[in-house]
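Residue numbers (our numbering): 486 to 916.
For every residue, glycine included, the Cβ atom is placed at its ideal position computed from N, Cα and C.
Since the structure is predicted, the reported quantities are computational estimates derived from the model, not experimental observations.
See below:
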């Protein structure tokens, strides 16, 4: 029995010694330092809330009501629907006189009204968009005032190459290009290409600028360079300033612009040409017709075909409202049957090529809206289509080296444009 007690006592003592030794080891153990410590960095991300803004107003702070101007609706009519009293409306209209004419608020134009979010829903401002490029804000809170703000514009350069489909217009539309480019190309190539007779065998490449507002194209400021194949011929165009204003020139430095425009109006058709014998539709008898009749809608602007001085701007029973211009010692032109003569046109007034001198009408002996264009050379009326019109000034000798360097850069960029594709072109614009 004593042997069992002794054995048990020894076992207890050994267990205690083992436990004490283990505790000592735990208390004194330090892991070996290797010199490599991995640092874990936790980034703190702070989200800054940016409230949405419209016309400069925080949309979280106001009730916003968007609408369009109804037919015959005025600023007063709109503000009355928001319980603005007549005195405040008068104050708004008066304060805006030097900024915006409230009488020009137009049908189907967008406007937005901002009111407070409290129960009073007091109108603090109204924003109105006269067009895509700007907006007007009528402030009516603590003080009444009006501001006119130009929207931010972005400028980009694009390039496109395409073959003519049914028309230049449809070709550009199908290529996702603004139809505004049509008028640019037509004006640029007015003397080289007959755009009434382009066909499916014609094709073109063009580098041009676009102005965008909120992602929408609002203007095409200029064509930087272009190539057009028409009627078996190549036509190049380079935009360049040789000190007397920007103009378009061909690959040899000759101006694309002639001393006179090819036509005085954007017309739909020519109804009658210069003729020594024509049956007059009003007088019902044959007589000479010493002019060219361009048919266009009433009110279409009429342009002077060249620089000159107005010698007559008046009314005649046969000619109707008309303007006559002396361009130089050789050439004189006349524009008949205007619905009205442009403001400021009077004898002695100097005019520039392309300036509006009147508007298409049917005054005098005329059966429908058109402009009868008459052309004198050395005091004798002639058919303008039979006259070899002199070109404008070519690149001057002093500018040729710089021009040809610019020409090579632009034409090289044009050559890289592939058909059926459209891509941005960098550094191709002309300063």
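Check whether residue i and residue j have beta carbons under 9 Å apart
i, j, result
"residue 687", "residue 648", "yes"
"residue 643", "residue 695", "yes"
"residue 730", "residue 794", "no"
"residue 786", "residue 751", "yes"
"residue 742", "residue 838", "yes"
"residue 734", "residue 859", "no"
"residue 680", "residue 674", "yes"
"residue 542", "residue 577", "no"
"residue 663", "residue 702", "yes"
"residue 596", "residue 553", "yes"
"residue 759", "residue 868", "yes"
"residue 706", "residue 818", "no"
"residue 791", "residue 823", "no"
"residue 607", "residue 698", "no"
Euclidean distance between Cα positions of residue i and residue j
i, j, result
"residue 561", "residue 590", "11 Å"
"residue 765", "residue 660", "With a pLDDT of 49 at residue 765, under the threshold of 50, the predicted position of this residue should be treated as unreliable, though the coordinate-derived value follows. For residue 765 and residue 660, the distance between alpha carbons rounds to 45 Å."
"residue 546", "residue 888", "56 Å"
"residue 865", "residue 776", "12 Å"
"residue 566", "residue 550", "12 Å"
"residue 797", "residue 815", "17 Å"
"residue 836", "residue 811", "10 Å"
"residue 725", "residue 677", "18 Å"
"residue 584", "residue 633", "7 Å"
"residue 800", "residue 850", "12 Å"
"residue 846", "residue 853", "7 Å"
"residue 586", "residue 895", "44 Å"
"residue 612", "residue 540", "7 Å"
"residue 600", "residue 626", "10 Å"
"residue 753", "residue 820", "17 Å"
"residue 855", "residue 778", "6 Å"
"residue 556", "residue 594", "10 Å"
"residue 740", "residue 728", "14 Å"
"residue 670", "residue 708", "8 Å"
"residue 684", "residue 652", "8 Å"
"residue 572", "residue 829", "39 Å"
"residue 885", "residue 900", "22 Å"
"residue 783", "residue 803", "18 Å"
"residue 841", "residue 603", "53 Å"
"residue 757", "residue 615", "40 Å"
"residue 588", "residue 737", "52 Å"
"residue 897", "residue 781", "40 Å"
"residue 848", "residue 579", "40 Å"
"residue 882", "residue 592", "54 Å"
"residue 873", "residue 538", "59 Å"
"residue 722", "residue 570", "59 Å"
"residue 700", "residue 668", "22 Å"
First through last residue of the alpha helix (DSSP H) which encompasses residue i
i, result
"residue 561", "560-565"
"residue 889", "885-900"
"residue 792", "Residue 792 -> no alpha helix (DSSP H), and no H or E assigned at all."
Beta-carbon separation (whole angstroms), residue i vs residue j, contact threshold 8 Å
i, j, result
"residue 871", "residue 744", "Going by Cβ atoms, the distance from residue 871 to residue 744 rounds to 16 Å, so no, they are not a contact pair."
"residue 689", "residue 654", "Going by Cβ atoms, the distance from residue 689 to residue 654 rounds to 13 Å, so no, they are not a contact pair."
"residue 666", "residue 693", "6 Å"
"residue 646", "residue 902", "4 Å"
"residue 581", "residue 618", "Actually they are not in contact, since the Cβ atoms of residue 581 and residue 618 sit about 18 Å apart, beyond 8 Å."
Host beta strand (DSSP E) of residue i (start-end)
i, result
"residue 777", "777-780"
"residue 726", "718-726"
"residue 750", "Where residue 750 is concerned, there is no enclosing beta strand (DSSP E), given that its DSSP letter is neither H nor E."
"residue 631", "629-635"
"residue 649", "Careful: residue 649 lies outside any beta strand (DSSP E) and carries neither H nor E."
"residue 810", "805-811"
"residue 729", "Residue 729 -> no beta strand (DSSP E), and no H or E assigned at all."
"residue 620", "619-625"
"residue 744", "No beta strand (DSSP E) holds residue 744; DSSP gives it neither H nor E."
"residue 692", "688-698"
"residue 701", "701-704"
"residue 711", "708-715"
Residue i beta carbon near the ligand NAD (any heavy atom closer than 8 Å)
i, result
"residue 587", "Of ligands this structure carries none, so the ligand NAD is not represented either."
Chain C within 9 Å of residue i, Cβ atoms only
i, result
"residue 542", "Absence of chain C from the displayed structure is noted, only one protein chain being present."
Report the start-end ranges of each alpha helix (DSSP H) in the stretch 533-610 that is 4 residues or longer and not cut off at the edges.
560-565 and 571-580
In chain order, which continuous runs of the beta strand (DSSP E) of length 3 or greater are located wholly inside the stretch 818-896?
841-845 and 855-862
May I have a chain-ordered list of the beta strand (DSSP E) segments no shorter than 3 residues that lie completely inside the stretch 655-686?
none
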